[in-house]
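Colleague:
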Amino acid sequence: MPGGVHTDLLALGRIPDPFVGDNEKRVQWVAEADWEYRRVFRADDDLLRAAQLWLVCDGLDTLATVRLNGVEVGRAENMYRQYRWDVRALLRPGENELSVAFDSPVRYCAAKQALRPMPGVSQAIAGGPHLRKAPCQFGWDWGPQLPPIGIWQDLRLEGYEGIRLEDVHFSQQHEDGAVTVAARLSVQRWDEAPCESVLRLVAPDGQTVEAHATLTADEDGILRVVIDQPQLWWPNGYGQQPLYQASVELRRGDALLDRREYPLGLRTLELRQQPDEWGRSFTFVVNGQPIFAKGSNWIPADSFPTRITDDYLEGLIRAAAETHQNMLRVWGGGFYEEDRFYNLCDRYGILVWQDLIFSCSIYPLDEPEFLENLRVEVAENVRRLRHHASLALWCGNNEMEQGWVEWEWKDASLEGLKRAYDRFFHHTLPEWCGAEDSATAYWPSSPSSGTPFENPNGQQQGDAHYWDVWHKRKPFTAYRNQYPRFMSEFGFQALPPLATIRSYADETEWNMTSYIMERHQKNDSGNQLMVTQMLDTFRLPKDFDSLVYLSLVLQAEGIRYGVEHWRRHPERISGTLYWQLNDCWPVASWSSLDYFLRWKALHYAARRFYAPLLLSIEDGAATQAVTVTSDLREPWEGTLRWSLETLDGQALETGEEAVKAAPFAATPVCRLDFAGRLDDDLRRECIFIAELWQGAELRVRQTSYFAPTKHLSLREPGITARLDADAGQARITLSANRLARLVECSLDGADVVF
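Its first residue numbered 359, the sequence shown is counted upward by one per residue in the working numbering.
1) When DSSP labels each residue in this structure, what does V385 get in the three-state scheme?
2) Does the distance from the CB of I1115 to the CB of A678 come in under 8 Å?
3) My output table needs one value for A1033: the three-state DSSP class, helix, strand or coil.
4) Examine the Cβ distances between the region 530–544 and the region 489–509 and report whether three or more of them are shorter than 8 Å.
5) Pull up the distance between the alpha-carbon of I649 and that of S544, whole angstroms please.
6) Measuring CB atoms only, is the region 570–578 touching the region 611–631, in the sense that at least three cross pairs come out at less than 8 Å?
7) Just curious, the alpha helix (DSSP H) that H923 is in, first and last residue?
8) For K832, collect the residues of the same chain with a Cβ closer than 8 Å to its Cβ; drop the 5 residues on either side in sequence, then sort them by chain order.
9) Kindly indicate the opening and closing residues of the alpha helix (DSSP H) around P726.
10) When the Cα atoms are used, what is the spatial distance from W711 to N655?
11) Would you tell me roughly how many angstroms separate the C-alpha atoms of P942 and L674, rounded to the nearest one?
12) Extract the residue ranges of the beta strand (DSSP E) inside the region 553–595, only unbroken runs of 3 or more that lie entirely within it.
13) Between the Cα of F954 and the Cα atoms of G916, P855, A1023, T997, which residue gives the shortest distance?
14) By alpha-carbon positions, which one of S717, R741, L729, V734 ends up nearest to N756?
15) To the nearest angstrom, how far is the alpha carbon of W994 from that of Y779?
16) Let me make sure I understand the geometry here. Which of T538, V431, Y962, C467 has the alpha-carbon closest to that of A391?
17) Taking Cβ positions, are V431 and R439 nearer each other than 8 Å?
18) Please decide whether P475 counts as near chain D, where near means a Cβ-Cβ distance under 8 Å.
19) Going by beta-carbon coordinates alone, are G692 and A492 separated by less than 8 Å?
20) Sort H927, S1001, L671, V363 by Cα distance to D660 and report the nearest one.
21) Can you tell me whether E847 is buried or exposed? The criterion is at least 16 other CB atoms within 10 Å of its CB, across all chains shown.
22) Going by Cα to Cα distance, which pick from D416, E1049, L775 is closest to L513?
23) When the Cα atoms are used, what is the spatial distance from Y596 to A969?
24) Using CA atoms only, rank isn't needed, just tell me which of A1024, D549, L489 is closest to L732.
25) Among the residues of its own chain, which have a CB less than 6 Å from the CB of A959, if the five just before and after it don't count?
26) Considering only the beta carbon of each residue, do S950 and L935 sit closer than 8 Å?
27) Report the rounded CA-to-CA distance for R638 versus P805, giving the unit in angstroms.
28) For R918, is the classification buried or exposed, using 16 other Cβ atoms within 10 angstroms of its Cβ as the cut-off for buried?
29) Got a sec? Which residues, its chain only, sit under 8 Å from A1048 by beta carbon, not counting five neighbours each side?
30) In angstroms with no decimal places, state the Cα-to-Cα distance between Q818 and R926.
31) Taking its Cβ as the centre, do 16 or more other Cβ atoms sit within 10 Å of P726, making it buried, or is it exposed?
32) May I have the straight-line CA-CA distance separating P475 from R465, to the nearest angstrom?
33) Which runs of the beta strand (DSSP E), 3 residues or longer, sit entirely within the region 952–1000?
34) Can you tell me where the beta strand (DSSP E) holding T866 begins and where it ends?
35) Is it buried or exposed for S873, if we count other Cβ within 10 angstroms and need 16 for buried?
36) Starting from the Cα of T538, find the closest Cα among D404, L590, D901, L775 and give me that residue.
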């Protein structure tokens, strides 16, 4: 433990790997059955002497009845909640038996759906909105229908002597170069004896400050410490991420009664929405500095969450940070992540846009029992996460407001549920979040204008999702017509790398329309959409390997095109979060990192288009406009050198411009018109090259063209490779006689990141 039924059966050889071939459909019976876990154990003698004994379940997935020594102690019905049950009277010396019996989530949802149908996602098992379980586990347009069952987080016994820490609420006051950290303690008591409370903060350099207070029977307590010359926490790319280690203790004499530890980053953070010439801004501001959010959307890292190791999770977060990302949106169709996820975001400087877990469906928000379940869920998770420096926003849901306005939720029978939605997301939920965490902004839905049901995907205020390039098959150039205040979703699919396809499809299935390739494509017409856009840009691929390669570079080029446009307008647009960072299984999807943490071409492109110093080109039919976007704190000075060349390297025109790039701004450098130089044939023979130099150092290179890649006069480039090794490092140098466009470099038999 933690563990799940699917992964346990797989380990025992009772089911085939659900991620291989079409085995997903062969294991559907697992989630349709009831299951029971049992364990016989001996309780520690010291634990048995405790005055209070609790069985604590951090995460049961989902419908569980828990028995100790044959006596029912409680029932769980929400995978996002912690359950605590008093077992003092049931735990005994010697052997004890714990049983956790799970009901089928599929059968439960089917029964609820039969009584009261709830509109949901077409790719999902019906009825999911009735159950507080990760929506995507029932199926999504990138995920399988594999709803797990099991003990998905820690399960333990806890003993106490008269008092325990129930909650610690930290707050920070930044004033006159110092920070006052206050800790408000909430305790649960079983006696009236006073005890001492201690707040201790250890700075990154080891310096320690403490505060002490006596807690009496009729009060909880507040402890305060003042930190002079604080080390401030910053998002990735804007500064360092020093973390103070906070601990809170309850003591009676030498006896330690309870202790909690928390990482704290000292910072201020606000969501600034101010009127301006385009409408109303939507800008995250940290320590007084407006931040351009550069990031992506996060989905659960595995369809079976108990398989997610610490190393795997850190690999994902580290890969985001290595590509200069400073924000992840924890999407509302998954689950509230475990503490380790937010600890990593604190360490790597990744701000977290946290959706509450509601997505793309209608929920029974008019049912009192359902609402009470939600009330406890929200309170527990807001309390658990609010101390994290990385936490930037509470967002009510994913695309539900858009659903009411733009989707097929128009039936008169749904009007009562629409009113319930309005009450919950615009009144009840912000009140719940504000009561537990008044320091963090709340936003009702994504996308939203902030005004209920009024143009949720508008360009004047709030955030936007733009999917016309994918779902409506618009060209990548359509991104340049979009000027949202904050672009929180947009994306384009690619196949995973060939090594990943090998993990689920035999070579006999290596065809875009084969049965297995379509089983591992969950978006309606997804493979067709990829190929259609591919043929608008590239020539017909000669084989399957080339098809995979072209899908990867197509995705990278498309998302680059959009991000560079939006970064050219930071005064108007305050962030881009592409869909999506990661996968939960091996699949064709919008991710930049595949299930095996392999970098797709998009992730390499993100390292360039999210770089602090960005050189971008707005290409026209015969024009090239060059802009430098800087997220640096200081002005940057250098030289732009440009050239118009043939594809075999002959320079037709060259020039240079002095560059003075302002900090946190986009600086137009030049706009060049080659209409008089280029005829129709020469357009297919030319490349425009722009380079940023600082002294003798080449900082950035960017290229642009006057014709789509499929029309360029590309010929065999004669690529050669040389491998040099020095001091434990390998360097691969590629050379060519002519232009080699979008080159992929890999090592046979090894997964490496260049």
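Note that beta-carbon positions come from the ideal geometry of N, C-alpha and C, so glycine has one too.
Modeller: This is what the structure holds:
1) coil
2) For residue 1115 there is no data in the structure shown, the boundaries of the chain being 359 and 1112.
3) For A1033, the secondary structure class from DSSP, reduced to helix, strand or coil, is coil.
4) no
5) 34 Å
6) no
7) 902–925
8) D826
9) Boundaries of the alpha helix (DSSP H) around P726: 726–743.
10) 9 Å
11) A small correction: the amino acid at residue 942 is Cys; Pro does not occupy that position in the sequence shown. The alpha-carbon atoms of C942 and L674 are separated by roughly 12 Å.
12) 553–560, 566–573, 579–586
13) P855
14) Nearest to N756 by C-alpha distance, out of S717, R741, L729, V734, is S717.
15) 49 Å
16) Nearest C-alpha to A391: C467.
17) no
18) No chain D appears in the structure shown, which is made up of a single protein chain.
19) Taking 8 Å as the Cβ cut-off, G692 and A492 qualify as a contacting pair.
20) L671
21) By the neighbour-count definition (other C-beta atoms within 10 Å, threshold 16), E847 is a buried residue.
22) Closest option to L513, Cα to Cα, is D416.
23) 12 Å
24) L489
25) L910, V911, A914
26) Not closer than 8 Å, so no.
27) Spanning the two alpha carbons is a distance of roughly 15 Å.
28) The residue in question, R918, is buried, as its Cβ has 16 or more Cβ neighbours within 10 Å.
29) Taken in chain order, the residues that qualify are L973, I975, Q982, V984, L998, R999, W1000, R1059, Q1060, T1061, S1062.
30) 18 Å
31) exposed
32) 14 Å
33) 971–977, 981–988
34) Boundaries for T866: no beta strand (DSSP E) harbours it, and the DSSP string shows neither H nor E there.
35) It should be pointed out that residue 873 corresponds to Tyr in this sequence rather than to Ser. The residue is exposed, with fewer than 16 neighbouring Cβ atoms inside 10 Å.
36) L590
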